[in-house]
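**Q** Sharing a structure here in structure tokens format.
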Amino acid sequence: MNDRYDAGAAGYGADQYELVGYDEYGQPVYRQVQAQQAPQQPYDPYTQQHQQGYGYDPYAQQGQQTPPGYDYGTGGQPAADYGSYDPYGTVPHQGGGAAQGAPHDPYGQAGAGTTGRQPRVAEQTARQTAHIPQQAGPDHDQEAPAEQREYHTEQFAFVEEPDANSEDVIDWLKFTENRTERREEARRRARGRITALVVVLALVVAGGVGYLWYAGKLPGLSSEDSKAGTATAAGAQKRDVIVVHLHDTKGGGTSTALLVDNTTTERGTTVLVPNSLALTSDDGTTTTLAKSVEDDGSDGTRDALDTVLGTDIEGTWRLDTPYLQNLVDLVGNVDVDTDAEVPDPAAKKKGEAPLVNKGRDQTLSGKMAVAYATYRAPGEAQNAQLERFGQVMQGVLRKMSSDPQAATTTIQTLAQILDPSLTDKDLGTFLAGLSDLAKGGDVKTDLLPVQNDGTLSAQASARVVKNVLGGTAKSPDKDAAVSVSVQNATGVKDNTEKARVVLLNGGFTFLESGTGTARPASEVLYADAADKANAAEVAKTLGLPAGSVTKGRTSGSADVSVVLGQDYKPSSG
573 MNDRYDAGAA GYGADQYELV GYDEYGQPVY RQVQAQQAPQ QPYDPYTQQH QQGYGYDPYA
633 QQGQQTPPGY DYGTGGQPAA DYGSYDPYGT VPHQGGGAAQ GAPHDPYGQA GAGTTGRQPR
693 VAEQTARQTA HIPQQAGPDH DQEAPAEQRE YHTEQFAFVE EPDANSEDVI DWLKFTENRT
753 ERREEARRRA RGRITALVVV LALVVAGGVG YLWYAGKLPG LSSEDSKAGT ATAAGAQKRD
813 VIVVHLHDTK GGGTSTALLV DNTTTERGTT VLVPNSLALT SDDGTTTTLA KSVEDDGSDG
873 TRDALDTVLG TDIEGTWRLD TPYLQNLVDL VGNVDVDTDA EVPDPAAKKK GEAPLVNKGR
933 DQTLSGKMAV AYATYRAPGE AQNAQLERFG QVMQGVLRKM SSDPQAATTT IQTLAQILDP
993 SLTDKDLGTF LAGLSDLAKG GDVKTDLLPV QNDGTLSAQA SARVVKNVLG GTAKSPDKDA
1053 AVSVSVQNAT GVKDNTEKAR VVLLNGGFTF LESGTGTARP ASEVLYADAA DKANAAEVAK
1113 TLGLPAGSVT KGRTSGSADV SVVLGQDYKP SSG
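FYI, the numbering for the sequence shown is 573 to 1145, going by my numbering.
Dropping the structure here:
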């Protein structure tokens, strides 16, 4: 630190400063004692260099003697008065009678006289009093105008010292701004979530209403007029239909289903057709679906189904059980909710583990799928087995590829001979479309309700034939077939169903007459002599002896009545 202002600095006597008090920072404040000033000569701008006095001479010679003062080389000598300032770096002149501490006179008026010198001394004294010892002063004691106000160093401390609170203020502003932005972002996200929730709820409500409308369960649309309007709209829809016949090559018998792809509603349906459905054969006689498949083949059965259901079936897919097994293995097994345990046909002893277990989500291989699709428990109706076949077909559709080319390759791999009206490419493309719907849950299974006499009821015409198939039911004329009523007196409940199947397959109309008291012999009755030949044919179809045919009273409107006795031996299950 520069200590030229210290009270004990060289060149200033100890008696030149005196303590006058302490400032607000606790530092001592000194005041310089004024020295006796010698009379000064008046200023003469043209004075010569030899003239005495401490005035400014711009033409001073370089060889002029240095006034007595502090010697920086030896130290200890009194210093010259540094109260004056020499802007050109010249050394003060020796002047007789000039006092130490003479004030700076930049205009060379030193020695102008005592009268003009006193104000400058007072001003210098006041400036020196304002300084505090042990504090650094300015680099140069430049004179300020008299009218300029004096300022203390501590008054400008706020300019030099940084304010620590400014950083806190900036941080607080940043925090406040960030918090505001986060709040605004949270509000925007909340509004976005609410909007998305409203849209989802609207879609759910619309979907529920659409489903109720499609299912015909929407309140206010259950009147006959509404049903008629729905049926008309359903008839105008575009559908692709093929018929599938599953042939059990080992156990015998067939199972039939219609695969429907509604391209208008983008929904699919597997319609299961019972074997007891009455059809009209090529020669105009009444027959059943099962007998038509066996006798008339693919073309004749397809035409008969078109006539009865009012549909336009595009092709027939004959699927023998070995091909079904290969198909299931090719698609990678199927998952089915089984409703019965299926014994292993290859089991040699009773009590062995079943081939198919009962339960949900059972994975079936090709062999297991065939066994389940053709299984019919003792005493069960044929419809139970038909529904199992429909479950397997549903599983195949879900596992089939949705790519037409890949599905076509799968069909070609089976290496089966298809009906000429249905090529490999057509079948593969059709199954790929249904597979896409099945994977989305848009393929359902319906059973065509067939009455005991093989005809279709009004309910079937409205719900399945019209809405699903888009056709109009037209059962064969009842008068075209011989109606046979059957009463079971064998003591075995299942014999009624077996007799029904046999009669329907024989082209007769079946009428059930309930169960009677067990009797040892069977009886076949006819009321009109014209029906005697028909009665004999019925006995032959059921495997009854010819002596069981006799004239008698028939039940209801039946042409022939049969009472099954304990001598009846079912030939068809």
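Note that the Cβ used here is the ideal one computed from N, Cα and C, for glycine as well.
Within the chosen definition, does the region 1132-1141 reach the region 1080-1100 through at least 3 CB pairs nearer than 8 angstroms?
**A** As far as the Cβ criterion goes, the region 1132-1141 touches the region 1080-1100, which means the pair count is three or higher.
**Q** Am I right that A1004 and P976 are in contact with their C-beta atoms under 8 angstroms? What's the rounded C-beta distance?
**A** For this step, residue 1004 is matched to residue 432 along the sequence shown. For this step, residue 976 is matched to residue 404 along the sequence shown. Yes, A1004 and P976 are in contact; Cβ-Cβ is about 4 angstroms, under 8 angstroms.
**Q** Since V813 and A829 should fall inside the 8 angstroms C-beta cutoff, what is the C-beta to C-beta distance between them, to a whole number of angstroms?
**A** Indexing the sequence shown from 1 puts residue 813 at position 241. Indexing the sequence shown from 1 puts residue 829 at position 257. So it is not a contact: roughly 11 angstroms between Cβ atoms.
**Q** I think S864 touches T888, with their Cβ atoms under 8 angstroms apart; what is that distance to the nearest whole Å?
**A** On the sequence shown, residue 864 is found 292 positions in, with the first residue counted as 1. On the sequence shown, residue 888 is found 316 positions in, with the first residue counted as 1. So it is not a contact: roughly 12 angstroms between Cβ atoms.
**Q** Considering only DSSP beta bridges, list what D892 is partnered with.
**A** Sequence index remark: in the sequence shown, residue 892 carries index 320 (1-based). BP columns for D892 point to H819.
**Q** Which of the three DSSP states, helix, strand or coil, is assigned to S1055?
**A** Position 483 of the sequence shown, counting from 1, holds the residue named residue 1055. Three-state DSSP puts S1055 in a strand.
**Q** Output yes or no for whether 8 angstroms exceeds the beta carbon distance between T836 and K810.
**A** Here residue 836 corresponds to residue number 264 of the sequence shown, with the count starting at 1. Here residue 810 corresponds to residue number 238 of the sequence shown, with the count starting at 1. Cβ atoms of T836 and K810: closer than 8 angstroms.
**Q** Check whether the Cβ atoms of Q984 and D996 lie closer than 8 angstroms to each other.
**A** Locating residue 984 in the sequence shown gives position 412, counting from the first residue. Locating residue 996 in the sequence shown gives position 424, counting from the first residue. Yes, the pair counts as a contact, with Cβ atoms nearer than the cut-off.
**Q** Counting Cβ pairs, one atom from each stretch, are 3 or more of them under 8 angstroms apart for the region 1053-1071 and the region 1080-1088?
**A** Short answer: they touch.
**Q** Tell me the rounded alpha-carbon separation between F1002 and N1067.
**A** Taking the sequence shown and counting its residues from 1, the one referred to as residue 1002 is at position 430. Taking the sequence shown and counting its residues from 1, the one referred to as residue 1067 is at position 495. About 41 angstroms.
**Q** 8 angstroms is my cut-off, CB to CB: does D991 come that close to chain D?
**A** Among the chains of the structure shown, chain D does not appear; only one protein chain is present.
**Q** With distances taken between CB atoms, is the gap from V1040 to V832 smaller than 8 angstroms?
**A** Against the sequence shown, residue 1040 aligns to sequence position 468. Against the sequence shown, residue 832 aligns to sequence position 260. The answer is yes: Cβ separation under 8 angstroms.
**Q** If I measure Cβ to Cβ from K799 and keep anything under 6 angstroms in the same chain, skipping five residues before and after, which residues do I get?
**A** Walking along the sequence shown from the start, residue 799 turns up at place 227. Legend: pLDDT at K799 = 40, less than 50; position of this residue unreliable, value from coordinates given subsequently. Correct list: empty, nothing qualifies.
**Q** Using a Cβ-Cβ cut-off of 6 angstroms (strictly less than) and excluding sequence neighbours within five positions of S1127, which residues of its own chain qualify?
**A** Working through the sequence shown from its first residue, we reach residue 1127 at position 555. S1057, S1085, S1133, listed in sequence order.
**Q** Using 8 angstroms as the threshold, is the C-beta distance between L1076 and G1115 below it?
**A** Residue 1076 sits at position 504 when you count from the first residue of the sequence shown. Residue 1115 sits at position 543 when you count from the first residue of the sequence shown. No; because the gap between Cβ atoms is not below 8 angstroms, this pair is not in contact.
**Q** Rounding to the nearest angstrom, what Cα-Cα distance links E1109 and D1103 in this structure?
**A** For the purposes of this step, residue 1109 is taken as residue 537 along the sequence shown, with counting starting at 1. For the purposes of this step, residue 1103 is taken as residue 531 along the sequence shown, with counting starting at 1. Taking the straight line from one Cα to the other gives about 10 angstroms.
**Q** What runs of the beta strand (DSSP E), each 3 residues or longer, lie entirely inside the region 819-867?
**A** Correct list: 826-834, 839-845, 850-852, 858-860.
**Q** Bridge partners for Y594 per DSSP, in chain order?
**A** Indexing the sequence shown from 1 puts residue 594 at position 22. Y594 is bridged to P600.
**Q** Under the three-state reduction of DSSP, which class applies to G962: helix, strand or coil?
**A** Start at 1 with the first residue of the sequence shown, and residue 962 comes out as number 390. Three-state result, G962: helix.
**Q** If the criterion is Cβ atoms closer than 8 angstroms, does the pair M972 and V903 meet it?
**A** What you label residue 972 is simply residue 400 of the sequence shown in a count that begins at 1. What you label residue 903 is simply residue 331 of the sequence shown in a count that begins at 1. The answer is yes: Cβ separation under 8 angstroms.
**Q** Starting from K1123, follow the alpha helix (DSSP H) in both directions and report where the run begins and ends.
**A** Your numbering for residue 1123 matches position 551 in the sequence shown. Looking at the DSSP string, K1123 is not in any alpha helix (DSSP H); the run it does join, the beta strand (DSSP E), is 1121-1123.
**Q** Classify R874 as helix, strand or coil using the three-state DSSP reduction.
**A** For the purposes of this step, residue 874 is identified with residue 302 of the sequence shown, where counting begins at 1. Helix.
**Q** Starting from D998, trace the alpha helix (DSSP H) in both directions and tell me its first and last residue.
**A** Here the question's residue 998 lines up with position 426 in the sequence shown. From DSSP, the alpha helix (DSSP H) with D998 extends over 996-1011.
**Q** Please confirm whether S974 and D1008 have their CB atoms less than 8 angstroms apart.
**A** In the sequence shown, counting from the first residue as 1, residue 974 sits at position 402. In the sequence shown, counting from the first residue as 1, residue 1008 sits at position 436. Yes, Cβ-Cβ distance for S974 and D1008 is below 8 angstroms.
**Q** Go ahead and pull the three-state DSSP assignment for I885.
**A** For this step, residue 885 is matched to residue 313 along the sequence shown. I885 falls in the coil class under three-state DSSP.
**Q** What's the call for G1042, buried or exposed, on a 16-neighbour Cβ count within 10 Å?
**A** As a first step, residue 1042 is located in the sequence shown; it is residue number 470 there, counting from the start. Flag for G1042 reads buried.
**Q** Spatial neighbours of R1091 within its chain, please: CB distance less than 6 angstroms, with the 5 preceding and 5 following residues excluded, ordered by chain position.
**A** Translated into positions along the sequence shown, residue 1091 becomes position 519. Same-chain partners within the cutoff: A1061, G1137.
**Q** For F1080, which residues does DSSP report across the bridge?
**A** Residue 1080 sits at position 508 when you count from the first residue of the sequence shown. In the DSSP output, where bridge partners are listed per residue, F1080 has none listed.
**Q** I'd like to know whether the C-beta atoms of V1015 and G882 end up nearer to each other than 8 angstroms.
**A** In the sequence shown, the residue the question calls residue 1015 occupies position 443. In the sequence shown, the residue the question calls residue 882 occupies position 310. Going by C-beta atoms, V1015 is not nearer than 8 angstroms to G882.
**Q** Restricting to Cα atoms, I'd like to know which of L1006, Q988, A953, P992 is closest to V1022.
**A** For the purposes of this step, residue 1022 is taken as the residue at position 450 of the sequence shown. Cα-wise, what sits closest to V1022 is A953.
**Q** Would you list the one or two residues that DSSP bridges to V1022?
**A** Taking the sequence shown and counting its residues from 1, one reaches residue 1022 at position 450. In DSSP, V1022 forms a bridge with L1028.
**Q** Helix or strand or just coil, what does DSSP make of T1017?
**A** Counted from its first residue, the sequence shown places residue 1017 at position 445. Residue state, collapsed to three classes: strand.
**Q** Could you tell me if S848 is buried or exposed, where buried requires 16 or more neighbouring beta carbons within 10 angstroms of its beta carbon?
**A** Position 276 of the sequence shown, counted from the first residue, corresponds to residue 848. By the neighbour-count rule (16 or more Cβ atoms within 10 Å), S848 is buried.
**Q** Pick helix, strand or coil for V1064, following the three-state DSSP scheme.
**A** Translated into positions along the sequence shown, residue 1064 becomes position 492. Note: V1064 maps to coil in three-state DSSP.
**Q** Out of V1073, Q599, A1101, point me to the one whose CA is closest to A862's CA.
**A** Counting from 1 along the sequence shown, the entry for residue 862 is found at position 290. Looking at the Cα atoms, V1073 is the closest of the given residues.
**Q** Take the Cβ of Y895 as the centre, count every other Cβ of all protein chains shown within 10 Å, and call the residue buried at 16 or more, exposed below.
**A** Locating residue 895 in the sequence shown gives position 323, where the first residue counts as 1. When all chains shown are included, Y895 counts as buried.
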